[in-house]
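A.B. asks:
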Amino acid sequence: MAVSHRVPDLGALELLLAVVRLGSVGRAAAELGVTQPAASARIRSMERLIGVALLERSPRGSRPTEEGALVAEWARQVVAAAEALDAGLDALRERRDGRLRVVASLTVAEYLMPGWLVTLRTVRPGVAVTLRTANSTVVAEQVRGGAADLGFVEGARTPAGLHGTVVATDRLVVVVGPGHPWARRRSGVPAAELARTPLVLREEGSGTREVLDRALAAHGGTAPPMLQLASTTALKAAAVSGAGPVVVSDLAVADEVAAGRLVCVPVPELDLARPLRAVWPAGRRPAGPARELLGLTRASRAGG
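Residues in the sequence shown are numbered from 1 upward in steps of one, following UniProt numbering.
(1) Measuring straight from C-alpha to C-alpha, what distance separates V79 and L16?
(2) May I ask you to list the residues that DSSP assigns as paired with P281?
(3) Is it the case that the Cβ atoms of R124 and P289 are separated by a distance below 7 Å?
(4) Scan the region 149-225 and note each continuous alpha helix (DSSP H) run of 4 residues or more that stays entirely inside, going in chain order.
(5) Using three-state DSSP, classify G61 as helix, strand or coil.
(6) Within the continuous alpha helix (DSSP H) that includes S249, where are the two ends?
(7) Taking A215 and L294 to be in contact with their CB atoms under 8 Å, please state how far apart those CB atoms are, rounded to whole angstroms.
(8) Note down, in chain order, each residue of its chain lying with its Cβ closer than 6 Å to the Cβ of V173, except the 5 sequence neighbours on either side.
(9) How many angstroms separate the CA atom of G304 from the CA atom of P198?
(10) Are there 16 or more other CB atoms within 10 angstroms of the CB of L212, so buried, or fewer, so exposed?
(11) Should A195 and F152 be called a contact, given that it needs their Cβ atoms to be closer than 7 Å?
(12) Taking just the CA atoms, how far does L106 sit from R121?
(13) Indicate whether the contact test is met: 3 or more Cβ pairs, each with one atom in the region 220-238 and one in the region 185-195, closer than 8 Å.
(14) Going by CA-CA distance only, name the one from T232, R184, L131 that's closest to L201.
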């Protein structure tokens with residue numbers, strides 16, 4: 001049932017209670033930080049709204065009428081309930097601001113998140129952060145389901161049911177061991193040859209796989225993989241061992257390529273750049289530590 005328009009607002013009820021307790025509109029006004037004329041006008045407005053006189057005024061001060069005493073008793077219950085609500089909301093905010101649940105794709109979790117979280121700790125030293133890793137499909141599911149406050153995914157599009165913003169740009173590369181025949185191809189390999197070659201790949205549902213499948217769709221599609229592995233470390237180990245060509249983030253293999261343990265193979269026809277996104281439930285902006293972390297990722301991108 002809708003509340004009647006004749007019910008005074010909370011501030012007016014607090015003023016009435018202060019007058020009853022202190023015996024003076026002037027003292028009540030001073031306690032609440034308003035002028036006496038403003039307090040008197042508000043009392044008169046409340047009396048007109050309710051339709052009864054609430055105070056008896058005299059040179060010695062103000063005291064409640066019989067009706068005013070009854071309204072004041074009801075007002076105490078309303079104000080007490082509002083104070084309980086306020087305390088409960090404060091507790092909810094403190095609980096929210098004391099923890100941060102993040103779920104991120106492997107690339108973001110391994111190569112970008114550590115720096116962001118170190119910076120976050122300087123801003124929010126008391127926050128307990130939980131970081132889980134998963135492929136982009138699972139990240140989206142967990143954010144939609146409320147299991148995480150903020151997610152980070154790879155891929156060309158923001159997953160359905162989520163809002164997001166690009167926080168970094170990554171690029172996939174094809175790498176092989178130094179002994180692989182492709183390592184000697186200065187001009188790289190054609191996209192069609194990459195498409196028909198069994199590769200060592202991430203599992204379906206990962207952002208890496210989504211970007212590669214999309215890029216190769218115009219060249220015959222991705223061949224059935226030689227191996228499907230669920231971690232970046234396993235992909236790199238497979239490439240170093242000579243198992244076959246691997247498609248992986250350039251962030252993940254920078255050290256191995258610099259050391260000569262892996263060789264990047266150009267594929268001139270393909271654009272394997274991919275955005276890395278922060279995502280959250282549609283219609284609800286990140287708040288508390290999640291908002292702070294999102295701000296740090298944006299600042300990092302702007303500065304980088």
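From the three backbone atoms N, C-alpha and C, an ideal C-beta is built for every residue, glycine too. What you are looking at is a predicted structure, and each value in this text was computed from that prediction instead of being measured.
C.D. replies: Once the coordinates are examined:
(1) Approximately 11 Å, taken between the alpha carbons.
(2) Secondary-structure assignment with DSSP links P281 through a beta bridge to L162.
(3) Yes, Cβ-Cβ distance for R124 and P289 is below 7 Å.
(4) Look at the region 149-225 and you find these whole runs of alpha helix (DSSP H), each 4 residues long or longer: 191-196, 207-216.
(5) In this structure, G61 counts as strand in the three-state DSSP scheme.
(6) Careful: S249 lies outside any alpha helix (DSSP H), inside the beta strand (DSSP E) at 246-249.
(7) For A215 against L294, the beta-carbon gap comes to about 28 Å, at or over 8 Å, which does not count as contact.
(8) Cβ-Cβ distances below 6 Å link V173 to D250, C264 in the same chain, with the five nearest sequence neighbours on each side left out; the list follows chain order.
(9) In this predicted model, G304 has a pLDDT of only 48, less than 50, meaning its place in the structure is not dependable; the value taken from the coordinates is given anyway. Computed Cα separation, rounded: 36 Å.
(10) A buried status is given to L212, since no fewer than 16 other beta-carbon atoms sit within 10 Å of its beta-carbon.
(11) Going by beta carbons, A195 and F152 fall outside the 7 Å limit.
(12) The straight-line gap from Cα to Cα measures roughly 21 Å.
(13) Flag = yes, the region 220-238 and the region 185-195 touch.
(14) Of the candidates T232, R184, L131, the one whose C-alpha sits nearest the C-alpha of L201 is T232.
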